[in-house]
Every structure is written in C-alpha cells, then in structure tokens.
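In our numbering, the protein residues as written are 65 to 399.
Written as structure tokens, this is what we have:
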C-alpha cells in the first residue's frame, strides 16, 4: 500500500463526517497554492515556462511502465481536480505498457498560479513545451472535462503530435454563450469565495457523480479548501475563476467536427454537467448539458470518430465505471 493511498484514506476518514464550515476552517492545515502538503501518487517534476512575461513552473508526473510498448499517453485533467485523480488510469495504462505523462496545467494543482488570464492556446503551447522537454514526438491524448476542451485545441493546433484523441466526459460540447449571459469576474470571485466545503461536496455529487463514495470525493475537497488557509489564497482564487471565464469565452465545439485524428468520446450516460447553468435563464437550463447526445451528434460529423455512452455513469466516468472505461480506452488506443 503506497503512501499516497494512505494519505487519501486518512483524509477521507478525517473529513467525511459532517462539520460546520467554521469548525472545518479551524481544523484544516493549510496547503500552499501549489498544493504543497497534498500527496501525489508519483514523483512530480517542474518545467520552467514563461507565459505573458511571467516566470512560471509546470508540474507533471512522468510514469514509466515496467514493460514499455513504445507508446506515450498524455492525460489532461479537468478544472475541479488535481492531476492526482488520474492515479487508477495511470496504473491501467502502465500495466498495458504505456509511458504516461500527467501535467498539472498552469493555474491548477501543483503548477504555478499566474496573474495573467488563462487561455487554451497558452495551455496548449505549454503542453507541447512539456512534450518537447521530455523528447516525445507524438502521444495519445486521454482528456477529461476541461481537459477535453484543451485536447481539442491541441488536436487542432498540433495534429502532427497526436495519434489518438480520447475525450472522457469532456465539457465544451456546446457553446455556453448561447445560454448564459456574460458574468463579471468579480461576481464569480464572490460566489466562489462564499462556497463552503459541504457546499462543494454537494456540488461535486450533483454535477459530477452521486455514486462515488465519500472517501474518493473528500481528497478533492481537501485539495481545494485547505488552500483557503494560505496567505496566497486570493491569487489561487483569481486563477481558478480565470479558468471559468476561459471555458465561457473560448468555445471549442465549432472546431470539433474539423478534427481528423481518430477520436473516441467516452461519456457517462447520466452526465448533465454544464458550466454556468445556474446563471442561465430558467427556461434554457434544461436544454444544457445533454452531453451524451451532444457527443453522438458531433462524432457523426467527424471523419474518424465515434461516441460511447456508459450506463449508470456520470461526469467522472473513469471513476464511476472503471472496468468498462478501461476496456474502451485500451481497445481504442491499441488500434
């Protein structure tokens, strides 16, 4: 049993019980805004980068298999999770012989939190810089949620660097600007700052998966709320809110049909996640987040794509239904 698993199990036992936000604030030991104090399942490297004139560092895990098959998979995380949540997928891919590279994008996890706004083009360039640093010419991409939007941007901008594109419950399958009016950054900052740990737990359960046990959800809550005790928390919060504005302002849905690389959507049939839905007019909210249907429709417009929907799975599809997800993923990558 490794140290990271013990850390997560202990955290789950400690924080799964009901508590008030005031009591939680007293008991939580602050993490740094680079998630200092939060264990990752594999060693973390740091790549120096410059974005918009700012010196930054991009954190990543580079996990070698015991019996290499000569292939590399790049895992792209979602907005609400550090890249450590990929741990079971990393093991599955390693066991199949894949080298697995798992970055925290700038603004997330153990990577630097910039003062400038986030943009998908910048994150794509950073990710290519990481592959260059690791001397990786081509990779397969497996991307979740916000990472799916980034995966689309990478596939469009750098098609010669990609073998396969697997989009696991991606967001960005619709243009949220068609439903949600623009929201000022200061308003989003205010709303996010008010959110409590218990409120966040309910948000994850309602928007992501009600089926995942508390011991798996709790570390994600710790990773976010233990940061509130950091002296640099306002900078973390502004970067986090910048990622919400990036999702809204930089839709990728119009580019998805143009992707020519082999593409597989693996959707949770119950995934209705739609960023910004609470800010949409009430009459439009039910029309948002029909993600499995949206994936099927987009795949039908693409030259080399298909969509699979896993029953009884939600937005965290690779944790909700790991056996079926792994079966689909490995068969697709092996083609």
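Backbone N, C-alpha and C define an ideal beta-carbon position, used for all residues, glycine too.
Every value quoted in this text rests on a predicted model; they were computed, and no experiment measured them.
Minimum Cβ-Cβ distance from residue i to chain C less than 9 Å
{"i": "residue 398", "result": "Protein chains in the displayed structure number just one, and chain C is not present."}
Residue(s) in a DSSP beta bridge with residue i
{"i": "residue 124", "result": "109, 167"}
{"i": "residue 234", "result": "209"}
{"i": "residue 327", "result": "229, 369"}
{"i": "residue 101", "result": "Partner(s): none; residue 101 has no beta bridge."}
{"i": "residue 203", "result": "226"}
{"i": "residue 332", "result": "374"}
{"i": "residue 137", "result": "164, 204"}
{"i": "residue 119", "result": "114"}
Neighbourhood of residue i by C-beta distance below 8 Å, restricted to the same chain and skipping five residues each side
{"i": "residue 384", "result": "273, 275, 276, 332, 374, 376, 377, 378"}
{"i": "residue 194", "result": "111, 122, 124, 165, 167"}
{"i": "residue 312", "result": "240, 241, 244, 246, 247, 339, 340"}
{"i": "residue 307", "result": "143, 171, 172, 182, 210"}
{"i": "residue 109", "result": "123, 124, 125, 126"}
{"i": "residue 351", "result": "243"}
{"i": "residue 250", "result": "none"}
Contacts around residue i, its chain only, beta-carbon distance under 7 Å, and the 5 residues preceding and following it disregarded
{"i": "residue 391", "result": "none"}
{"i": "residue 187", "result": "169, 170, 214"}
{"i": "residue 361", "result": "none"}
{"i": "residue 317", "result": "236, 237, 238, 239"}
{"i": "residue 252", "result": "305, 308"}
{"i": "residue 358", "result": "237, 238"}
{"i": "residue 129", "result": "158, 161, 162, 163"}
Contact check, residue i vs residue j, beta carbons under 9 Å
{"i": "residue 152", "j": "residue 382", "result": "yes"}
{"i": "residue 143", "j": "residue 209", "result": "yes"}
{"i": "residue 227", "j": "residue 135", "result": "yes"}
{"i": "residue 55", "j": "residue 386", "result": "Here the chain comprises residues numbered 65 to 399, so residue 55 is not present and cannot be evaluated."}
{"i": "residue 222", "j": "residue 192", "result": "yes"}
{"i": "residue 323", "j": "residue 203", "result": "no"}
{"i": "residue 289", "j": "residue 145", "result": "no"}
{"i": "residue 38", "j": "residue 321", "result": "The structure shown does not extend to residue 38, since the chain is modelled only from 65 to 399, so the question has no answer here."}
{"i": "residue 396", "j": "residue 198", "result": "no"}
{"i": "residue 140", "j": "residue 201", "result": "no"}
{"i": "residue 94", "j": "residue 154", "result": "no"}
Among the options, the one whose alpha carbon lies nearest that of residue i
{"i": "residue 269", "options": "232, 387, 336, 159", "result": "336"}
{"i": "residue 224", "options": "162, 326, 235, 146", "result": "326"}
{"i": "residue 103", "options": "113, 138, 148", "result": "148"}
{"i": "residue 115", "options": "189, 329, 367, 260", "result": "189"}
{"i": "residue 117", "options": "181, 250, 330", "result": "181"}
{"i": "residue 300", "options": "281, 319, 257", "result": "257"}
{"i": "residue 234", "options": "399, 328, 396", "result": "328"}
{"i": "residue 126", "options": "141, 351, 107, 281", "result": "107"}
{"i": "residue 279", "options": "271, 290, 265, 289", "result": "265"}
{"i": "residue 132", "options": "109, 159, 183, 138", "result": "159"}
{"i": "residue 177", "options": "197, 120, 154, 349", "result": "120"}
{"i": "residue 232", "options": "113, 267, 286, 371", "result": "371"}
{"i": "residue 184", "options": "267, 310, 150", "result": "310"}
{"i": "residue 353", "options": "113, 249, 271", "result": "271"}
{"i": "residue 263", "options": "286, 363, 359", "result": "286"}
{"i": "residue 150", "options": "398, 380, 368", "result": "380"}
{"i": "residue 363", "options": "319, 113, 196, 249", "result": "319"}
{"i": "residue 113", "options": "196, 346, 250, 358", "result": "196"}
Same chain, Cβ closer than 6 Å to residue i, five either side skipped, listed in chain order
{"i": "residue 388", "result": "374"}
{"i": "residue 356", "result": "331, 333, 373"}
{"i": "residue 344", "result": "243, 244"}
{"i": "residue 138", "result": "165, 203, 205"}
{"i": "residue 348", "result": "243"}
{"i": "residue 281", "result": "268"}
{"i": "residue 368", "result": "326"}
{"i": "residue 398", "result": "none"}
{"i": "residue 314", "result": "184"}
{"i": "residue 346", "result": "none"}
Residue i Cβ short of 8 Å to the ligand GTP heavy atom set
{"i": "residue 310", "result": "The ligand content of the structure shown is nil, which means the ligand GTP is not present either."}
Checklist entry - Do the stretch 215–222 and the stretch 289–302 meet, that is, are 3 or more Cβ pairs less than 8 Å apart? => result no
Next on the checklist: Pairs of beta-carbons, one from the stretch 171–178 and one from the stretch 93–109, closer than 8 Å: are there three or more?
Outcome noted: yes
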